[in-house]
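Per the numbering used here, the sequence shown starts with residue 610, numbered consecutively.
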Amino acid sequence: MAEIHLIKLAELHEHEETDPAHLKELTQQIAADKILKHPIVVDEKTNTMLDGEHRFNALKSLGCKRIPVIYVDYNSPNIVVQTWRNNYNLTKKDVVEAALSGKRFPPKTTYHMIKNSETLSHISSIEKRVDIPIEVLKSELTLAPINSIKVAMKVELADALPAYTKFFKTGIVDDPLIVDRKTGILLYGYEAFQALDLLSAEKAPTFKANLEVVEIKTSNPNMGSLSKEDIVQAGTKGPKLPPKSFTILTEPVKISVPLEKLIVKKRQNRRVLKVYRSTLELLHEGWPTPLVKLNSFSSAARSVWAKLECYNPFSNSVKDRIGWAMIKEAIENGELKTVLYEATSTNTGIALTSIANTLGIKTRLYIPKTIQKASDTYLEVLGAEVVRLPVGLTVEAISHVEREAKANKAAHLNQFENDANFKAHLKYTAKEIGEQLNSLGLKPTCIIGGIGTSGHMSAISHYFKTKYGNSVKIVGVQPAQNEVIPGIRRIETGMKWFHNAVFDKVVDVKQAEAIEGAIKIARNEGLLIGLSSGAVVYAFQKIAEEKGVYVLVFPDSGYKYGEQFEKYLTSVSPKNQRGLPKFNNFGDS
């Protein structure tokens, strides 16, 4: 289907005059309808109008600045010019010259036909119904601050990702937003808005309209009737309406704005000096977390980098990102309650409890029996209620937690199903790695990370596969059969985002191998990393080649895993520690 573009009137050329009587009648009709029902047809090379000159002039007289256009290739043999006048023998060249020179033909001189299959039809047959409000066509396209736009409706991640990918790959934002002139509520372009937010745009290409005069089209059959007051309520006070509840356009329309115009560089002074106005600000303004070179694994031909998520302040782990994102989205959607219930192996629980404490919200956390006992102490210090369940994996507790939350009217954010998880890593974690490597003039060869909820590695895969295609390898890490490594699990236990991302390889690692990987980093790089990070190290050693740029995602530090380290170290003598160095690489001192 042909796309419909919103084009400035001043950019288009007429090749014949209009009939005054017909123009007057049409102008009155469009003004009464308050919409333009159909686009016009224009040559893509010369901007010569082939059909719709009366609509063009009607909009011009009504004070409109743009008009919906379907572009065609006028040179195509499928398009034929004909004339109403017996004494005219016109060619396409004549039509274009009349348009560009300003020496127009009299009214009703030409008409254009288009061949569809073997049928010759008037070219207006491709003008699909658009019903665009005149309010929009009168509006200037402005770059509005994205934080000034109020949203009344949720957006499914799956609906926003195609726009994200398109904007990111092309560098062009071709979907406009339409907002209410009075309230700033978004009326059209929700997927584009979500995509721009994920791209960290600070501005959005925006048209304005008056909600009181435009027609609202209810697009969700489960919604029933939807009033304009409902939209204002949802946009100003909440809760947000379900996805695809309404629109104001019959067909999507296109513009063209460079993405770089929407991303504004911020002043960095306060952040450079590490000054924060709150602990929540310490979290999200403390990003990016560091990317550090692991010299013990690097050589002249290979550089190996670690993304240190232990620099997040609450849980000292990657889970701070999703704890913040899930709570933030729940607040925005009017879904946050006075108590949070969550299944966790430790880090998500610490992150949620810490953030909830700053908001005056209580937490109850459900922990598998296999998790280290120290976790109970950490969580109880933070004020969480801790419930141990007779399950081996955190994901096995979800249905129990959901029932408990419903029974007690608590909020269950559910890190395993909540798209805020994936979105936080796409918008921040993945982009940070890309920008950090770019600052070094590097392109990654391979990125390796553990798979737990699958949120961070699926988002990293989506980002880098979109940016570089299959030239970047994405490797996931999971526990070997019948092994337990806190924070990661096997794919067959069920993961929401893993199967929508591209992984080139998944490596199995035993718990002892993960501990050995952590010890190797500790004794060579001086960093005490966690067990899932150690698993990533072991996987790297297993698959790495002698050349390339490798990024290892280290989800947390090792300070929560004293029990596992102690058990391992007491089970092996110094002579049998599988080649692990007792000293660093800087000599015998």
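Glycine is no exception: its CB is placed at the ideal position from the N, C-alpha and C atoms.
Asked	Found
Among residues of its own chain, excluding the 5 on either side of glutamate 620, which ones have a beta-carbon nearer than 6 Å to its beta-carbon?	Asn656
Are the beta-carbon atoms of lysine 853 and asparagine 878 separated by less than 7 Å?	no
Using three-state DSSP, classify tyrosine 1177 as helix, strand or coil.	helix
Let me know the secondary structure DSSP gives glutamine 691 once reduced to three states.	strand
Let me confirm a value: asparagine 956 is counted as buried when at least 16 other C-beta atoms fall within 10 Å, else exposed. Which label applies?	buried
Just the Cα atoms here: how many angstroms apart are asparagine 1194 and tyrosine 1159?	With a pLDDT of 39 at asparagine 1194, under the threshold of 50, the modelled position of that residue is not reliable, and the figure given next carries that caveat. Approximately 21 Å between the Cα atoms of the pair.
For threonine 1179, which residues in the same chain have their Cβ closer than 8 Å to its Cβ, ignoring the five residues on either side in sequence?	none
I'd like to check one pair, arginine 790 with asparagine 831: are the Cβ atoms closer than 7 Å?	no
In angstroms with no decimal places, state the Cα-to-Cα distance between aspartate 806 and lysine 846.	21 Å
Roughly how many angstroms separate the alpha carbons of asparagine 921 and glutamate 1155, rounded to a whole number?	32 Å
Excluding the 5 residues preceding and the 5 following glutamate 744 in the sequence, name in chain order all residues of the same chain whose CB lies nearer than 7 Å to its CB.	Ala818, Asn819, Val822 and Val823
Pick out the complete alpha helix (DSSP H) segments inside the segment 1099-1153, 4 residues or longer, and give them in chain order.	1120-1134 and 1140-1152
Cβ of asparagine 942 within 7 Å of Cβ of proline 848?	yes
Measure the alpha-carbon distance for aspartate 985 versus tryptophan 914 and round it to whole angstroms.	33 Å
Within the same chain, show all residues whose beta-carbon is closer than 6 Å to that of lysine 1221, passing over the 5 residues directly before and after it, in chain order.	Within the shown structure, residues of the chain are numbered from 610 to 1198, placing residue 1221 beyond reach of any answer.
Please report the straight-line C-alpha distance between asparagine 1091 and glutamine 1024, rounded to a whole angstrom.	24 Å
If you check the beta carbons only, do threonine 728 and threonine 692 fall under 7 Å apart?	no
Buried or exposed: isoleucine 616, going by 16 or more other Cβ atoms within 10 Å of its Cβ?	buried
Who are tyrosine 1199's beta bridge partners in DSSP?	Residue 1199 falls outside the range modelled here, since the chain spans only 610 to 1198, and no answer is possible.
Near arginine 880, what residues of its chain come up, given a Cβ to Cβ distance below 7 Å and the 5 sequence neighbours on each side ignored?	Glu894
Give me, in chain order, the residues of the same chain whose beta-carbon lies closer than 6 Å to that of glutamate 736; leave out the 5 immediate sequence neighbours on both sides.	His647 and Pro648
Determine the burial state of asparagine 925: buried for a count of at least 16 other Cβ atoms within 10 Å of its Cβ, exposed for fewer.	buried
Could you tell me if asparagine 1030 is buried or exposed, where buried requires 16 or more neighbouring beta carbons within 10 angstroms of its beta carbon?	buried
Following the continuous alpha helix (DSSP H) through serine 1070, name the residue where it begins and the one where it ends.	1064-1077
Less than 7 Å between the beta carbons of valine 1093 and threonine 979, yes or no?	yes
Are the Cβ atoms of lysine 1074 and aspartate 1113 separated by less than 7 Å?	no
Mind checking who methionine 762 pairs with in its DSSP beta bridge?	Leu850
By Cβ distance, which residues of its chain are closer than 6 Å to serine 733, with the 5 residues on each side in sequence left out?	Asp660
Excluding sequence positions up to five away, which residues of its chain have a Cβ less than 7 Å from the Cβ of glycine 1171?	Ala983
Report buried or exposed for glutamine 1150, applying the criterion of at least 16 other Cβ atoms within 10 angstroms of its Cβ.	exposed
For the beta strand (DSSP E) holding isoleucine 812, just list the boundary residues, first then last.	Here residue 812 is lysine; the residue named in the question, isoleucine, does not match the sequence. Start and end: 812-818.
Ends of the beta strand (DSSP E) at glutamine 561?	Residue 561 cannot be examined here, being either before or after the span of the chain that is shown, 610 to 1198.
For lysine 763, I'd like the list of residues in its chain whose CB is within less than 8 Å of its CB, leaving aside the five on either flank, ordered along the chain.	Lys849, Leu850, Pro851, Pro852 and Asn942
Whether or not the segment 768-776 and the segment 856-867 are in contact is what I'm after, with contact meaning three or more pairs of Cβ atoms, one per stretch, closer than 8 Å; do they touch?	no
Which residues share a DSSP beta bridge with serine 926?	Asp1165
With proline 677 as the anchor, note down where its beta strand (DSSP E) starts and where it stops.	675-681
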